[in-house]
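A.B. asks: In my numbering, each number is its position in the sequence shown, counted from 1, plus 154.
Beta carbons: idealized from backbone N, C-alpha and C, even for Gly.
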Amino acid sequence: MNKEIIVVDDGSTDGTRELILEIIKHQTDQNNIVKFFPHEKNMGKGAALKTGLKQVTGDIVIIQDADLEYPPEQYPALIEPILKGYADVVYGSRFLGVHRVFMFWHYFGNKILTWVTNILYNTMLSDMETGYKVFKKEALENIVIKSNRFNVEPELTAKVFKKKHLRVVETPITYYGRGYAEGKKITWRDAIPALFTLFKYRFMD
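1. Taking DSSP's pairing of strands, which residues face Pro192 in a bridge?
2. Return the chain-ordered ranges of every alpha helix (DSSP H) run that is complete within the segment 272-328 and spans a minimum of 4 residues.
3. According to DSSP, simplified to helix, strand and coil, what is Val210?
4. If you draw a straight line from the alpha carbon of Lys300 to that of Gly263, how long is it in whole angstroms?
5. To which residues of the same chain is Lys204 closer than 7 Å at the C-beta, ignoring the five residues directly before and after it?
6. Taking 8 Å as the threshold, find out whether the segment 203-222 comes into contact with the segment 278-292 through three or more Cβ pairs.
7. Out of curiosity, what's the CA-to-CA distance linking Thr271 and Tyr330?
8. Please report the residue range of the alpha helix (DSSP H) in which Thr229 lies.
9. Please check the pair Glu309 and Thr351, which I expect to be a contact at CB under 8 Å, by giving their CB distance rounded to whole angstroms.
10. Please name the residue or residues paired with Tyr245 in a DSSP beta bridge.
11. In chain order, what residues of the same chain lie with their CB nearer than 6 Å to the CB of Ala241, ignoring the 5 residues before and after it?
12. Does DSSP classify Ile217 as helix, strand or coil?
13. Skipping 5 residues on each side, what residues in its chain have a beta carbon closer than 8 Å to that of Asp213?
14. Do you know how far the Cα of Val210 is from the Cα of Gln184?
15. Can you give the Cα-Cα distance for Pro225 and Thr328, rounded to whole angstroms?
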């Protein structure tokens, strides 16, 4: 299976740019191509996804956060439903698989947002906010991302479920969540725009 790795550096200061440029300089395997797109300043996860998704040329798209809370070793399980022909979109659920046990209020907030999603879009997800969302490339056609920050997750979910023909499945994943001391950024405040986004796209494009 040929792979392309699209790296969007959203204004980081941790040496990512230098590391990726060094990798690109020495890459020789044309079946594993790294492409790099830097942002000069931090604009948020949604902005990074907008940049990265424009560059996709493959058949299956996996969104991977750089902090490795989601281990890439899970890719085979995530793409299996698509390869076997019974899914267009796969959600990796942190609550069905092995996960670090901590931060109750994050768990509670995720459950509330997922519950609202299920009511508004008549579905039965267990983890709407998961960072592991996998798409057949054509499933992303006509989905225009407008969010620049973390509310890109509910926006993507809303637009996926408004496309009634898409087959969405969930699969268990392993999740190693970080605490704030380890650099986690999302807080309870991010739940407010997430709720607004869910309601907005239920009744608007």
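C.D. replies: So, to answer that:
1. Beta-bridge pairing links Pro192 to Asp163.
2. DSSP runs (the alpha helix (DSSP H)) wholly in the segment 272-328: 306-316.
3. coil
4. 23 Å
5. Ile299
6. yes
7. 24 Å
8. The identity of residue 229 in the sequence shown is Tyr, whereas the question assumes Thr. Where Tyr229 is concerned, the enclosing alpha helix (DSSP H) stretches over Tyr229 to Leu237.
9. 5 Å
10. Lys287 and Glu324
11. Pro235, Arg321 and Val323
12. Taken through DSSP and simplified to helix, strand or coil, Ile217 comes out as coil.
13. Lys290 and Lys291
14. Going by the C-alpha atoms only, they are around 16 Å apart.
15. 7 Å
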